[in-house]
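**Q**
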Amino acid sequence: MKCVLHCVFFLLLWITPNARVCASHQGIPLSVVKLWASAFGGEIKSIAAKYSGSQLLQKKYKEFEQSVRVEEIDGIKLVKKLAGKMEQMFHKKAEAIKRLVEAAEEAHLNHEEDPELQYEYFNAVLINEMDEEGRSLELGGEFILQPNEHFNNLSVNLSLSVVQVPTNMYNKDSAIVNGVYWSEALNTVFVDNFKRDPSLIWQYFGSAKGFFRQYPGIKWTPDEHGVLEFDCRNRKWYIQAATSPKDVVILVDVSGSMKGLRLTIARQTVSSILDTLGDDDFFNIIAYNEELHYVEPCLNGTLVQADVTNKDHFRGRLHKLFAKGIGMLDMALTEAFELLSNFNETGRGSVCSQAIMLVTDGAVETYDAVFAQYNWPDRKVRVFPYLIGRESAFADNLKWMACANKGYFTQISTLADVQENVMEYLHVLSRPKVIDREHDMVWTEAYVDNTRPQAQKLEDAQGPVLMTTVAMPVFSTKNETRNKGILLGVVGTDVPVSEILKAIPKYKLGIHGYAFAITNNGYILTHPDLQPLYEEGKKRRKSSYSSVDLSEVEWEDKEDELRNAMVNRQTGSFSMKVKKTVDKGKRVLVLHNDYYYTDIKGTPFSLGVALSRGHGKYFFRGNISVEEGLHDLEHPDVLLANEWTYCNTAEHPEHNFLSQIDAMKMYFNGEPDLKCDKDLIQEVLFDAVVTAPLEAYWTSLALNKSENSDKGVEIAYLSTRTGLSRLNLFVMPDQLTNQDFLTGEDKEVAFSADHFPLWYKRAAEQVPGTFIYSLPFGTGSENKSVVLASSAIHLLDERESPIAAAVGIQMKLEFFQRKFWTASRQCAALDGKCSISCDNDEISCYLIDNNGFIIVAEDLSLTGVFFGEAEGAVMSKLVSMGSFKRVNLYDYQAICRVYAQTSDTAHTLLHPYFALFAAIRWLLTEFVIFLVEFNLYSWWHSDLTIKAQRGGKTMLVPCDKEYPAFVSERTIKETVGNIDCESCVKSFVIQQIPSSNLFMVVIDHTCDCSDFGPVTMDHIEIMYNESLKCERLKFQKDRRRPDTCHPFHHEENSMECGGSVGLTPSLTSTVLIVLIVTIFPR
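According to the working numbering, the sequence shown holds residues 2 to 1083 in order.
Below, the structure is given as structure tokens:
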């Protein structure tokens, strides 16, 4: 009997968990959840449809269906037309630059250099400055400045330019004064250019002597240290225009004699050389003593492109250079020559100029045997020695190397000397171009120049402004200086990327469509997915923002077919499925894009257009009278897309203050000088007429006091494909829970130059007639206190119908939640006693959207949180069952925080002006020379470094990241599931809310599945092993070299090869012998 009782006892233990599962499962009847979902869905759709006016607007478009003409967009024709418009715009900028070049060369030709010249000019720093007695400072004086809307309301002078001189240069130096004097002739050309093309912004002349003339005139302000670090000669536009593409090997002496400050100066010299290299250049750095040490061992025997990422990578390794042993320069030179020769044969480099930069404190001989073997008589590789330190014992040998190899010798004694001396080589490389009189026009990649005052002020106000610069060199045309190839400087003008976008009619690209442009290197000039900033709200630039490759944003193109075709300036099309993130990267849209591309003639750029299949490939034309359209367009509730160009009001000053609607009226009245997009304004007039009845409809709702008595619905809004928007408030502005629609603070909810509003884009992907609900992901918690409901208005009933408009409402989250909880208390029991309710402690109820974000939960702190973080076990099960799909996404523009390998002190030394202060500090110790030889400076510096590293300082570096997004499976409307947990089984029911993107999830709360852990959307850094890192460094994508190259010229005077040390008679003889061998080879 006892045995039987034991058996019964264990049997009961075995069936108890299963009995609880049945009870739990029976406790969440699917029919009840379906009832709740149906009740909530019906009511909330009724509210959304009523207050948005969606049915009325759909009806109004239907009334015009017969008069509307639907057209399929011809992608190739469209991209060619856009490229033609951009070509015209760029051509106007280029013509302005040519006029400046002609004026500058003419002015210099007519100027006789006067060493005693005294000339008062407007110094950009000193204008409007007074001394203690109230008198104008010398080179200052009164300079009238007035705010100008075209120049972002900065105070400028449209009649005159100003001159900026770097802090480390004497602003009354004879060479500068003479240059400033003759370049005054540019003022009239600046003003004339601006009259011819009022869309021009900053025009300037960067002198080879170091001064910078800028129009319109603007006040420059030094930093808190009284320093102006801007030197036009190390800007990319200057370097690119002055020289041809080049392959460079930098040799750094790390023998024992380079210890202490010499090695620090050498590091700074290498870093400054890197600053002068651009995307069309290639380089490597080799340190040498009795052995060769590639600074990046992985890149032994090759060169890499001098993009920002590669240059930063090498800079990060310079601190690993240590001085010891004996310097074997012959071995280093041999390696450099063979490396340049071998790399040139591959055809992967610049295939143009070649140079060896030698950074050393001496050379015991001239190594003419090495040069004879590898470089004479053609001397195709220039040699630029930089003698580090004050000792001149080996200066003659180094200068001989420069003169015998068409290079230039300089001596760098202090850190403050570095920048000026490094830049000398640029003028040597420019000689062939000058002698050839080849005024090659160059266009830079997209960049942010935050070193000029206007850029600094704009960055403070609205964040960095991306631009490209068109530039052209200015030469001395005097016959007596022809063989010297004297570069006078470079002229340029900036073209903001925003102006390029104005040439793109967003309305013709559709809701998800976009245009983009890339450079000859495949880097992005403009693309809606370019992310130049990080730490949102702080508006800080990423270090590698200017060298983001197209393949890093269109990453689904694994074979780079689209990229390579565009780099090679082809015209064609391409198609692929893409995953586009929206809503600050938290959501994903899976689209099928067709790409069309062609080149922009006269520039190194190629243009692409992406059109999404389906509604994105169609455009429709309505027909309405101008009078009727203008009447309905002039209502106060009508807004037009601020960044779209309906009429070009910037073309002529008298139109600058016109609103777009006033400009349209002038256009229709026959204003001859006003250029408008006729197609766009015809369609926006059509949309104004069709949407006008909603104004009266919304007004009647607002006046009916019985409607919306609890003020749950706050705003109704609509937008059309032409950028027209209407907005109606059902509450007073100060009563709005969220004011983003009024303030425009959240850029994603409004039209921009390259995207439709977020709510519009998401509504377009919903089933016609349904609403999409979402919480705005704002920066503050107050942005989670409203719910947006939006729906797309389709023109036709067909599947590929164009989308004419989208409507929506903003309602209080509390109002929305209350409707949900009321619906979840309903039941079908005749006696009114419900077997289950969301009020029960045994279950948890959630309302989530189609991307898995919680909109309603009993715990209010979960609002807006990803569902997987709250219910990891259930989310995992939903993914495994196919109710939700995990989509893996990649961010190749990410940044990661890592521990800094060097101290802030070390980084500061790489700044030329702070380096000056460091040099002064060093001079205080130099009175005992042997202390320096015993590495006092290194000891001082190392001590600071150790302290900084102990502080655990971090830095931000570019990296790649992977992260997930989740999307519901549309075909699955309901699911019942069980999850095996450690000691129980958790059951749940998920039911779609009808006519929405929402799901009700009801979960058994009695079973603890916390062991499963959360499912997150965290971004995870992609870690590459050393081998893969090496392959990525070595890998070079297709690129197109610039069309012109000027490596050397037979008339070039190579005796202009450095000036601080004179050639001895014997040295002069040796150089002459080399020249004879060159001219009369065997």
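Backbone N, C-alpha and C define an ideal beta-carbon position, used for all residues, glycine too.
If we ignore side chains and look at the alpha-carbon of each, how far apart do A242 and F206 end up?
**A** If I take the Cα positions, the gap works out to 12 angstroms.
**Q** Using the three-state DSSP reduction, which class does F967 fall into: helix, strand or coil?
**A** Strand, per DSSP.
**Q** Within 10 Å of its beta-carbon, does E1052 have 16 or more other beta-carbons around it, so buried, or fewer, so exposed?
**A** Under this definition E1052 is an exposed residue.
**Q** Which whole-angstrom value describes the C-beta separation of L563 and Y596, a residue pair presumed to lie in contact below a C-beta threshold of 8 angstroms?
**A** Right, their Cβ atoms sit about 6 angstroms apart.
**Q** Give a yes or no on whether the C-beta atoms belonging to F772 and G713 are separated by under 9 angstroms.
**A** Against a cut-off of 9 angstroms, the Cβ pair of G713 and F772 comes out as no contact.
**Q** Short of 7 angstroms in beta carbon distance, which residues of its chain neighbour A324, apart from the five on each side in sequence? Order them along the chain.
**A** For A324, where only same-chain residues beyond five positions count, the Cβ hits under 7 angstroms are V255, S256, G257, M259, K260 and L264.
**Q** Ordered along the chain, which non-local residues of its own chain (more than five positions away) have a Cβ less than 6 angstroms from that of I625?
**A** Contacts found: L686, F687 and V690.
**Q** Return helix, strand or coil for G538, following the three-state DSSP convention.
**A** Bear in mind that a pLDDT of 48 at G538, under 50, signals an unreliable position, so the number given afterwards is only what the model happens to contain. Of the three classes helix, strand and coil, the one that applies to G538 here is coil, per DSSP.
**Q** Under the three-state reduction of DSSP, which class applies to W699: helix, strand or coil?
**A** Of the three classes helix, strand and coil, the one that applies to W699 here is helix, per DSSP.
**Q** Does the stretch 1024-1042 come into contact with the stretch 365-384, if we say contact requires no fewer than three beta-carbon pairs (one atom in each stretch) closer than 8 angstroms?
**A** Touching, no.
**Q** Where DSSP assigns a beta bridge to T469, which residues make up the other side?
**A** T469 pairs with V496.
**Q** Could you tell me which residues DSSP pairs with N812 in its beta bridges?
**A** According to the sequence shown, residue 812 is Met rather than Asn. Per DSSP, V714 and V788.
**Q** Between V866 and I855, which are expected to be in contact by the criterion C-beta below 8 angstroms, what is the C-beta distance as a whole number of angstroms?
**A** Right, the Cβ-Cβ distance comes to about 5 angstroms (below 8 angstroms), so this counts as a contact.
**Q** Does the pairing of the stretch 92-108 with the stretch 492-506 give three or more beta-carbon distances under 8 angstroms?
**A** Contact holds: three or more Cβ-Cβ distances are below 8 angstroms.
**Q** Applying the 10 Å Cβ sphere with the 16-neighbour rule, what's the burial state of D282?
**A** Answer is buried; the Cβ neighbour count reaches 16.
**Q** If contacts are defined as beta-carbon pairs under 8 angstroms, then V34 and M1001 qualify, I think. What distance do you get, rounded to the angstrom?
**A** Rounded, the Cβ-Cβ distance is 6 angstroms, consistent with contact.
**Q** Exposed or buried, T700, counting other C-beta atoms within 10 Å across all chains shown (16 or more means buried)?
**A** Exposed, because fewer than 16 other Cβ atoms sit within 10 Å of the Cβ of T700.
**Q** To the nearest angstrom, report how far apart M90 and E1027 are at their CA atoms.
**A** So the alpha carbons of these two residues sit roughly 46 angstroms apart.
**Q** Considering only residues of the same chain and omitting the five flanking positions on each side of N223, which have a CB-CB separation below 6 angstroms?
**A** The question names Asn, but residue 223 in the sequence shown is Pro. L229, listed in sequence order.
**Q** Is the beta carbon of F212 sitting closer than 9 angstroms to the one on S162?
**A** Result no, Cβ atoms of F212 and S162 do not sit closer than 9 angstroms.
**Q** Contact between the stretch 63-77 and the stretch 601-621 is defined here as three or more beta-carbon pairs at a separation below 8 angstroms; is this criterion met?
**A** Yes: the two stretches touch, three or more of their Cβ pairs being nearer than 8 angstroms.
**Q** Looking only at its own chain, which residues have a Cβ that is under 6 angstroms from the Cβ of Q119, when we skip the five neighbours before and after it?
**A** There are no such residues.
**Q** Within 10 Å of its beta-carbon, does E628 have 16 or more other beta-carbons around it, so buried, or fewer, so exposed?
**A** Counting Cβ neighbours within 10 Å, E628 comes out exposed, since fewer than 16 surround it.
**Q** Within 10 angstroms of its Cβ, does Y171 collect 16 or more other Cβ (buried), or is it exposed?
**A** With fewer than 16 other Cβ atoms within 10 Å, it is exposed.
**Q** Roughly how many angstroms separate the alpha carbons of A1 and P386, rounded to a whole number?
**A** Limits of the chain in this structure are 2 at one end and 1083 at the other, which puts residue 1 out of reach.
**Q** Taking C-beta to C-beta, are R570 and R887 nearer than 9 angstroms?
**A** No. Outside cutoff.
**Q** Assign C897 to one of three DSSP states: helix, strand, or coil.
**A** C897 falls in the strand class under three-state DSSP.
**Q** Considering just the uninterrupted stretch of the beta strand (DSSP E) at H593, what are its terminal residues?
**A** That run of the beta strand (DSSP E) goes R588 to D600.
**Q** Considering only the beta carbon of each residue, do I274 and V423 sit closer than 9 angstroms?
**A** Yes, the Cβ-Cβ distance between I274 and V423 is below 9 angstroms.
**Q** Using alpha carbons as the reference points, say which of H1006, V1016, G180 and N889 lies closest to K962.
**A** When only C-alpha atoms are compared, the closest one is N889.
**Q** Going by the beta-carbon positions, is the gap between C1010 and V875 smaller than 9 angstroms?
**A** Yes, Cβ-Cβ distance for C1010 and V875 is below 9 angstroms.
**Q** Rounded to the nearest angstrom, what separates S1015 and V787 at their Cα positions?
**A** In the sequence under discussion, the amino acid at residue 1015 is Pro, which differs from the Ser named in the question. If I take the Cα positions, the gap works out to 26 angstroms.
**Q** List in chain order: all unbroken beta strand (DSSP E) runs of 3+ residues lying wholly within the stretch 212-286.
**A** Listed in chain order, the complete beta strand (DSSP E) runs (minimum 3 residues) inside the stretch 212-286 are 213-216 and 247-254.
**Q** If we require 3 or more residues per run, which beta strand (DSSP E) segments fall completely within the stretch 366-412?
**A** Listed in chain order, they are 382-389.
**Q** For H653, which residues of its own chain have a beta-carbon under 7 angstroms away from its beta-carbon, when the five flanking residues on both sides are left out?
**A** Excluding positions up to five away in sequence, the list reads P199 and D674.
**Q** Taking the runs of the alpha helix (DSSP H) that are 4 residues or longer, which of them lie wholly in the stretch 72-96?
**A** Those alpha helix (DSSP H) runs which fall completely within the stretch 72-96 and span 4+ residues do not exist here.
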